[in-house]
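Undergrad: Residue numbers (the working numbering), protein chains in the order written: chain Y, 44 to 307; chain D, 7 to 502.
Would you mind keeping the following structure in view while I ask a few things?
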Amino acid sequence: MRATSFGIRSTVVGLLGACAQLGFAGTVEPLYVAIPSGSIASVLSGGSADNAPTTVAGFEMRLKPVTVAEFLKFTEQKPEWKKTKVPSVFADSNYLHQLETAAISPVHAEQPITNVSWFAAQAYCESERARLPTWYEWEYVAAADAAHADARKDPAWRAQILGWYSKPSSSSRQRVGGDVNFYGVDNMHGLIWEWVDDFNALLVSADSRNQGDPDQLQYCGAGAISLQDRDNFAILMRVALLSSLSGSASTNDLGFRCARSPTP
Amino acid sequence: MSKTLKEILSSAIIAIGLLSAYGASAATPATAKSAGDFGPPQGAPIRAVLTSPPHVPPPTNRKFPAKVIVELEVIEKEMPISEGVSYTFWTFGGTVPGSFIRVRQGDTVEFHLKNHPSSKMPHNIDLHGVTGPGGGAASSFTAPGHESQFTFKALNEGIYVYHCATAPVGMHIANGMYGLILVEPPEGLSKVDHEYYVMQGDFYTTGKYREKGNQPFDMEKAIDEKPTYVLFNGAEGALTGDKALKAKTNEKIRLFVGNGGPNLVSSFHVIGAIFDKVRYEGGSNVQKNVQTTLIPSGGAAVVEYQTKVPGSYVMVDHSIFRAFNKGALAIMKVEGPENKAIYSGKEVDSVYLGDRAAPNMASVTTATANAASGTLTVQDQVNAGKSLFNGTCSVCHQANGAGLPGVFPPLAKSDYLAADTKRAVGVVLRGLSGKVTVNGKEYDSVMPSMNQLNDDEVANILTYVLNSWDNAGGRVTAGDVKAERAKAVPKVAAEH
Numbered sequence: 044m045r046a047t048s049f050g051i052r053s054t055v056v057g058l059l060g061a062c063a064q065l066g067f068a069g070t071v072e073p074l075y076v077a078i079p080s081g082s083i084a085s086v087l088s089g090g091s092a093d094n095a096p097t098t099v100a101g102f103e104m105r106l107k108p109v110t111v112a113e114f115l116k117f118t119e120q121k122p123e124w125k126k127t128k129v130p131s132v133f134a135d136s137n138y139l140h141q142l143e144t145a146a147i148s149p150v151h152a153e154q155p156i157t158n159v160s161w162f163a164a165q166a167y168c169e170s171e172r173a174r175l176p177t178w179y180e181w182e183y184v185a186a187a188d189a190a191h192a193d194a195r196k197d198p199a200w201r202a203q204i205l206g207w208y209s210k211p212s213s214s215s216r217q218r219v220g221g222d223v224n225f226y227g228v229d230n231m232h233g234l235i236w237e238w239v240d241d242f243n244a245l246l247v248s249a250d251s252r253n254q255g256d257p258d259q260l261q262y263c264g265a266g267a268i269s270l271q272d273r274d275n276f277a278i279l280m281r282v283a284l285l286s287s288l289s290g291s292a293s294t295n296d297l298g299f300r301c302a303r304s305p306t307p
Numbered sequence: 007m008s009k010t011l012k013e014i015l016s017s018a019i020i021a022i023g024l025l026s027a028y029g030a031s032a033a034t035p036a037t038a039k040s041a042g043d044f045g046p047p048q049g050a051p052i053r054a055v056l057t058s059p060p061h062v063p064p065p066t067n068r069k070f071p072a073k074v075i076v077e078l079e080v081i082e083k084e085m086p087i088s089e090g091v092s093y094t095f096w097t098f099g100g101t102v103p104g105s106f107i108r109v110r111q112g113d114t115v116e117f118h119l120k121n122h123p124s125s126k127m128p129h130n131i132d133l134h135g136v137t138g139p140g141g142g143a144a145s146s147f148t149a150p151g152h153e154s155q156f157t158f159k160a161l162n163e164g165i166y167v168y169h170c171a172t173a174p175v176g177m178h179i180a181n182g183m184y185g186l187i188l189v190e191p192p193e194g195l196s197k198v199d200h201e202y203y204v205m206q207g208d209f210y211t212t213g214k215y216r217e218k219g220n221q222p223f224d225m226e227k228a229i230d231e232k233p234t235y236v237l238f239n240g241a242e243g244a245l246t247g248d249k250a251l252k253a254k255t256n257e258k259i260r261l262f263v264g265n266g267g268p269n270l271v272s273s274f275h276v277i278g279a280i281f282d283k284v285r286y287e288g289g290s291n292v293q294k295n296v297q298t299t300l301i302p303s304g305g306a307a308v309v310e311y312q313t314k315v316p317g318s319y320v321m322v323d324h325s326i327f328r329a330f331n332k333g334a335l336a337i338m339k340v341e342g343p344e345n346k347a348i349y350s351g352k353e354v355d356s357v358y359l360g361d362r363a364a365p366n367m368a369s370v371t372t373a374t375a376n377a378a379s380g381t382l383t384v385q386d387q388v389n390a391g392k393s394l395f396n397g398t399c400s401v402c403h404q405a406n407g408a409g410l411p412g413v414f415p416p417l418a419k420s421d422y423l424a425a426d427t428k429r430a431v432g433v434v435l436r437g438l439s440g441k442v443t444v445n446g447k448e449y450d451s452v453m454p455s456m457n458q459l460n461d462d463e464v465a466n467i468l469t470y471v472l473n474s475w476d477n478a479g480g481r482v483t484a485g486d487v488k489a490e491r492a493k494a495v496p497k498v499a500a501e502h
């Protein structure tokens with residue numbers, strides 16, 4: 044364990060070094076971290092014991108969610124993603140709703156960007172030569188707490204996540220950063236919901252025999268039926284949120300971070 | 007070209023017509039209406055009046071089925087759950103329980119569910135009054151800042167619970183996402199003076215009952231079904247004090263009582279009232295003269311009664327610790343003239359002496375009077391003490407003071423008593439447990455403290471004992487007892 048975490052730290056440093064050398068003109072290269080491959084018993088397995096854990100290949104995850112300042116810079120470079128320009132099929136009327144006020148305070152600039160559509164998030168990630176993480180990638184990294192790769196059995200970890208769910212959305216949001224987990228990734232919980240690449244496939248299983256009714260999460264009690272492990276509620280609620288959306292939709296608490304496959 | 011197409015089409019229509027005519031003879035026509043379906047909606051669409059609890063929308067007073075538009079907004083907001091305690095509720099319409107919806111049987115309801123942009127969670131609605139998959143849940147799954155629409159025909163009349171059914175369902179319900187929809191029968195409900203909306207729910211907070219500050223939801227307690235609060239209308243005090251339900255005497259009251267759960271079943275009871283009629287489980291049967299009606303989680307009842315005597319009537323979940331220790335308490339304040347023929351109020355307040363025969367108690371009265379006038383004699387005390395002894399002490403020590411061998415030590419000719427008569431005062435006041443040896447026999451049992459007796463009573467009893475059954479005589483005064491009682495000594499240690 045200890046060796047692994049050292050390994051990650053040195054990778055971060057390595058990337059930093061590489062970034063410094065590459066040095067995009069006038070911009071700071073966003074920081075990604077290598078996530079080692081592994082496996083995870085996903086909540087999407089329905090919690091049944093005979094469902095084998097899913098293998099997650101090694102990839103790179105953005106250390107922090109994309110901030111307001113970063114996204115604004117992106118829209119300057121790609122004006123077609125400004126609220127006034129974006130086609131309605133790519134973003135509904137809630138898009139960048141919170142940025143309508145002219146001046147962005149320094150505090151606001153450091154907050155995670157929200158009210159972005161899936162299409163806009165994907166476009167942003169492309170600008171970083173990246174993509175949105177898949178659900179499995181996201182869940183794999185999100186299973187960690189500060190000290191363990193998989194903290195999902197820890198009652199304190201679960202209580203912390205559920206605690207965020209029960210805070211009203213109107214309370215002021217924290218800035219990005221300050222909550223690093225085992226992989227060195229920040230803010231996986233307790234700050235925002237996050238888009239994933241395959242959000243609209245979350246309820247549709249390749250094998251319906253394992254999943255039952257693809258609409259089951261929307262029905263009374265069905266969420267519980269598909270779960271053996273009641274503790275997975277904390278993660279399941281993210282699945283519920285994502286599955287309620289279309290690609291052009293956005294909410295006040297929905298932001299994103301990017302991921303990329305390792306360069307061959 | 008177009009002519010040819012038309013011909014093809016028209017011949018196809020004829021063929022379909024022939025087919026359906028043929029089919030009709032064998033099967034029920036597709037247009038057959040189910041019970042409660044009074045045909046297509048008539049007149050202009052009507053916007054439903056929604057009310058916040060404890061209020062109920064006015065009767066529809068309609069003789070035809072209509073299209074009714076219901077617009078319900080989901081809002082997640084922090085509200086008080088008790089004095090100085092706040093909780094983040096998820097609400098239908100900004101209140102717990104959610105807005106009351108009233109339609110008429112046969113109405114076509116166009117339902118709009120709006121999820122406020124400030125919401126964190128997606129939500130949906132399952133109305134128990136809907137015939138269709140998920141009760142509307144499947145068609146109303148709505149992300150924050152979005153709106154869903156679906157339409158249903160209200161086929162069955164009755165009072166129905168609605169609730170959010172988004173996973174985890176239990177958490178959404180525990181956060182207050184439930185309410186009632188009334189589907190009136192076509193002829194409407196009988197006229198009453200007041201209709202009120204009361205709904206019970208159980209709540210799970212990480213802090214203890216009444217622990218101050220913002221209290222988050224506790225999933226563990228919810229799964230264990232150990233609520234911190236059991237409440238009517240979503241907050242302790244939602245229906246008490248100035249917010250109590252109000253009525254006058256000789257009025258007809260109709261309560262729509264729901265139970266959102268998520269876990270507990272309610273034993274709904276109004277202290278001091280008998281329900282004339284209960285539509286239990288919200289169904290069509292009417293039960294009469296009911297004291298307490300059971301309301302299942304996710305169920306409702308219609309309760310009717312007439313107010314007759316003024317006063318404050320306390321509504322409780324008669325699983326009674328929930329009422330007095332978890333908040334399940336509401337009040338209906340009834341004002342008006344007294345009706346002494348039905349209820350008198352307190353007429354007599356006198357001493358009740360139980361099975362102790364009244365004539366014997368005359369000696370106690372005499373002793374009390376003489377003590378007050380300073381003329382109390384030993385004989386007065388013995389007489390009074392005898393009566394008191396027979397009421398309190400003789401159960402164990404026996405009327406003749408002989409006790410029960412091996413169990414209750416004797417008082418008659420007792421060496422233990424004779425050894426220290428003042429010690430006996432402490433024994434009566436504080437009890438005695440452990441081994442004692444009386445008249446050569448060992449006893450090891452427990453005498454409870456008798457400190458409910460007043461100083462006079464203890465003095466009289468002991469004086470009676472000292473002067474009976476060949477004991478040595480003597481006197482214990484009220485002053486002795488008072489002095490002993492004032493001592494902060496521990497329990498009298500048993501002799502070994």
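Even glycine gets a Cβ: it sits at the ideal position worked out from N, Cα and C.
Between D:Asp208 and Y:Pro149, what straight-line distance do the alpha-carbon atoms span, to the nearest angstrom?
TA: Stepping through the second sequence from its first residue, residue 208 of chain D is reached at position 202. Stepping through the first sequence from its first residue, residue 149 of chain Y is reached at position 106. The alpha-carbon atoms of D:Asp208 and Y:Pro149 are separated by roughly 43 Å.
Undergrad: Establish whether the CB of Y:Gly264 and some CB of chain D are separated by less than 8 Å.
TA: Numbered from 1 along the first sequence, position 221 holds the residue referred to as residue 264 of chain Y. A caution first: Y:Gly264 carries a pLDDT of 44, below 50, which makes its placement in the model too unreliable to give a value.
Undergrad: Considering only their Cβ atoms, is the gap separating D:Arg285 from D:Ala307 smaller than 8 Å?
TA: Counting from one through the second sequence, the residue named residue 307 of chain D turns up at place 301. Counting from one through the second sequence, the residue named residue 285 of chain D turns up at place 279. Yes.
Undergrad: So is D:His152 in contact with chain Y if we call contact Cβ pairs under 8 Å?
TA: The count along the second sequence starts at 1 and reaches residue 152 of chain D at position 146. Taking Cβ atoms only, chain Y reaches closer than 8 Å to D:His152, which makes this a yes.
Undergrad: Could you give the C-beta distance for D:Asp386 and D:Thr398, rounded to a whole number, given that I count them as a contact under 8 Å?
TA: Position 380 of the second sequence, counting from 1, holds the residue named residue 386 of chain D. Position 392 of the second sequence, counting from 1, holds the residue named residue 398 of chain D. In fact, because the Cβ distance is near 18 Å, the residues do not count as touching under 8 Å.
Undergrad: How would you write the range of the beta strand (DSSP E) that D:Gln312 sits in, first residue to last?
TA: Translated into the one-based positions of the second sequence, residue 312 of chain D becomes position 306. Counting along the chain, the beta strand (DSSP E) containing D:Gln312 begins and ends at 305-312.
Undergrad: Rounded C-beta distance between D:Glu201 and D:Arg260? I'm assuming under 8 Å.
TA: Residue numbering aside, residue 201 of chain D sits at position 195 when the second sequence is read from its first letter. Residue numbering aside, residue 260 of chain D sits at position 254 when the second sequence is read from its first letter. That belief holds up - the Cβ atoms of D:Glu201 and D:Arg260 are roughly 5 Å apart, short of 8 Å.
Undergrad: State the beta-bridge partners of D:Pro86 as determined by DSSP.
TA: Here residue 86 of chain D refers to the residue found at position 80 of the second sequence. Its beta-bridge partners are D:Ser92.
Undergrad: With DSSP as the reference, label Y:Tyr179 as helix, strand or coil.
TA: For the purposes of this step, residue 179 of chain Y is taken as residue 136 along the first sequence, with counting starting at 1. Correct three-state label for Y:Tyr179: helix.
Undergrad: Counting C-beta neighbours from all protein chains within 10 Å, is the total for D:Thr299 16 or more, i.e. buried, or is it exposed?
TA: Residue mapping note: residue 299 of chain D aligns to position 293 of the second sequence, counting from 1. By the neighbour-count rule (16 or more Cβ atoms within 10 Å), D:Thr299 is buried.
Undergrad: Kindly identify the DSSP beta-bridge partner or partners of Y:Trp236.
TA: As a position in the first sequence, residue 236 of chain Y is number 193, starting the count at 1. Bridge partners of Y:Trp236: Y:Leu297.
Undergrad: Give, in chain order, every unbroken run of the beta strand (DSSP E) that is at least 3 residues long and sits entirely within the segment 75-151 of chain Y.
TA: Fully enclosed beta strand (DSSP E) runs of 3 or longer: 75-78, 81-83, 97-99, 102-105.
Undergrad: Since D:Phe95 and Y:Leu205 should fall inside the 8 Å C-beta cutoff, what is the C-beta to C-beta distance between them, to a whole number of angstroms?
TA: Counted from its first residue, the second sequence places residue 95 of chain D at position 89. Counted from its first residue, the first sequence places residue 205 of chain Y at position 162. Between Y:Leu205 and D:Phe95 the Cβ distance is about 15 Å, and since that is not below 8 Å, they are no contact.
Undergrad: CB D:Leu505 to CB D:Met338, shorter than 8 Å?
TA: Nothing in the structure corresponds to residue 505 of chain D, since chain D is present only between 7 and 502.
Undergrad: Along chain Y, in chain order, which residues have C-beta atoms closer than 8 Å to that of D:Ala306?
TA: Walking along the second sequence from the start, residue 306 of chain D turns up at place 300. Ordered by position in chain Y, no residue passes the 8 Å Cβ test against D:Ala306, which lies about 16 Å from the chain.
Undergrad: If you reduce the DSSP assignment to three classes, tell me which class Y:Gln254 lands in.
TA: One-based indexing of the first sequence puts residue 254 of chain Y at position 211. Unreliable positioning characterises Y:Gln254 in this predicted model, as indicated by a pLDDT of 39, which lies under 50. A coordinate reading is not provided.
Undergrad: Can you check which of these residues, D:Gly213, D:Glu82, D:Arg108, D:Lys283, is closest to D:Ile75 by C-alpha distance?
TA: By 1-based counting over the second sequence, the position of residue 75 of chain D is 69. Ranking D:Gly213, D:Glu82, D:Arg108, D:Lys283 by Cα distance to D:Ile75 puts D:Arg108 first.
Undergrad: If we ignore side chains and look at the alpha-carbon of each, how far apart do D:Leu78 and D:Gly135 end up?
TA: As a working note, residue 78 of chain D is residue 72 in the second sequence. As a working note, residue 135 of chain D is residue 129 in the second sequence. For D:Leu78 and D:Gly135, the distance between alpha carbons rounds to 16 Å.
Undergrad: Return the first residue and the last residue of the beta strand (DSSP E) that D:Asp208 is part of.
TA: Here residue 208 of chain D is taken as the residue at index 202 of the second sequence, counted from 1. Unbroken beta strand (DSSP E) run through D:Asp208: 200-209.
Undergrad: Would you kindly work out how many angstroms separate the C-alpha atoms of D:Met205 and D:Gly266, rounded to a whole number?
TA: In the second sequence, residue 205 of chain D corresponds to position 199, counting from 1. In the second sequence, residue 266 of chain D corresponds to position 260, counting from 1. Approximately 7 Å, taken between the alpha carbons.
Undergrad: So, is the C-beta of Y:Thr157 closer than 8 Å to a C-beta in chain D?
TA: In the first sequence, the residue the question calls residue 157 of chain Y occupies position 114. Y:Thr157 does not count as touching chain D.
Undergrad: Is the beta carbon of Y:Val159 sitting closer than 8 Å to the one on Y:Met104?
TA: Translated into positions along the first sequence, residue 159 of chain Y becomes position 116. Translated into positions along the first sequence, residue 104 of chain Y becomes position 61. Contact: no.
Undergrad: Could you tell me whether the Cβ of D:Thr157 comes closer than 8 Å to any Cβ of chain Y?
TA: Taking the second sequence and counting its residues from 1, the one referred to as residue 157 of chain D is at position 151. Answer no: the Cβ-Cβ gap between D:Thr157 and chain Y never drops below 8 Å.
Undergrad: Ordered along the chain, which non-local residues of its own chain (more than five positions away) have a Cβ less than 7 Å from that of Y:Ser82?
TA: On the first sequence, residue 82 of chain Y is found 39 positions in, with the first residue counted as 1. Closer than 7 Å at the Cβ level, and outside the excluded window around Y:Ser82, lie Pro96, Thr97, Thr98, Val99.
Undergrad: Tell me, please, whether the CB atom of Y:Tyr167 is closer than 8 Å to any CB atom in chain D?
TA: Looking up residue 167 of chain Y in the first sequence gives position 124. Cβ-Cβ to chain D under 8 Å: no for Y:Tyr167.
Undergrad: List the endpoints of the continuous beta strand (DSSP E) containing Y:Asp229.
TA: As a first step, residue 229 of chain Y must be located in the first sequence, where it is residue number 186. Here Y:Asp229 belongs to no beta strand (DSSP E), and DSSP marks it neither H nor E.
Undergrad: Helix, strand or coil: how does DSSP classify D:Asp421 here?
TA: Numbered from its first residue, the second sequence carries residue 421 of chain D at position 415. Helix at D:Asp421.
Undergrad: In this structure, how does DSSP classify Y:Leu285 when only helix, strand and coil are distinguished?
TA: Along the first sequence, one-based indexing puts residue 285 of chain Y at 242. It is helical.
Undergrad: Using a C-beta cutoff of 8 Å, does Y:Gly206 count as contacting chain D?
TA: By 1-based counting over the first sequence, the position of residue 206 of chain Y is 163. So yes, Y:Gly206 belongs to the interface.
Undergrad: Within 10 Å of its beta-carbon, does D:Glu310 have 16 or more other beta-carbons around it, so buried, or fewer, so exposed?
TA: Residue numbering aside, residue 310 of chain D sits at position 304 when the second sequence is read from its first letter. So D:Glu310 ends up on the buried side.
Undergrad: Let me confirm a value: Y:Val132 is counted as buried when at least 16 other C-beta atoms fall within 10 Å, else exposed. Which label applies?
TA: Start at 1 with the first residue of the first sequence, and residue 132 of chain Y comes out as number 89. Flag for Y:Val132 reads exposed.
Undergrad: Taking Cβ to Cβ, would you say Y:Leu157 is nearer than 8 Å to Y:Leu285?
TA: Locating residue 157 of chain Y in the first sequence gives position 114, counting from the first residue. Locating residue 285 of chain Y in the first sequence gives position 242, counting from the first residue. The amino acid occupying residue 157 of chain Y in the given sequence is Thr; Leu does not appear at that position. No. Outside cutoff.
Undergrad: What three-state label does DSSP hand D:Ile503 in the structure shown?
TA: Examination of residue 503 of chain D is not possible in this model, given that chain D is present from 7 through 502 alone.
Undergrad: What are the partner residues of D:Tyr319, as DSSP defines its beta bridges?
TA: Here residue 319 of chain D refers to the residue found at position 313 when the second sequence is read from its first residue. Paired residues: D:Met338.
Undergrad: Mark Y:Gly66 as exposed unless 16 or more other C-beta atoms lie within 10 angstroms of its C-beta, in which case mark it buried.
TA: The residue you call residue 66 of chain Y lines up with position 23 of the first sequence. Any reading at Y:Gly66 must be qualified, since the residue scores a pLDDT of 37, below 50, and its modelled position is unreliable; the value itself is stated next. Label assigned to Y:Gly66: exposed.
Undergrad: Against D:Phe223, what residues of chain Y qualify as contacts under a CB-to-CB distance less than 9 Å, listed in chain order?
TA: Reading the second sequence from its first residue, position 217 is the one you call residue 223 of chain D. Chain Y residues near D:Phe223: Leu205, Gly206, Tyr208, Ser209.
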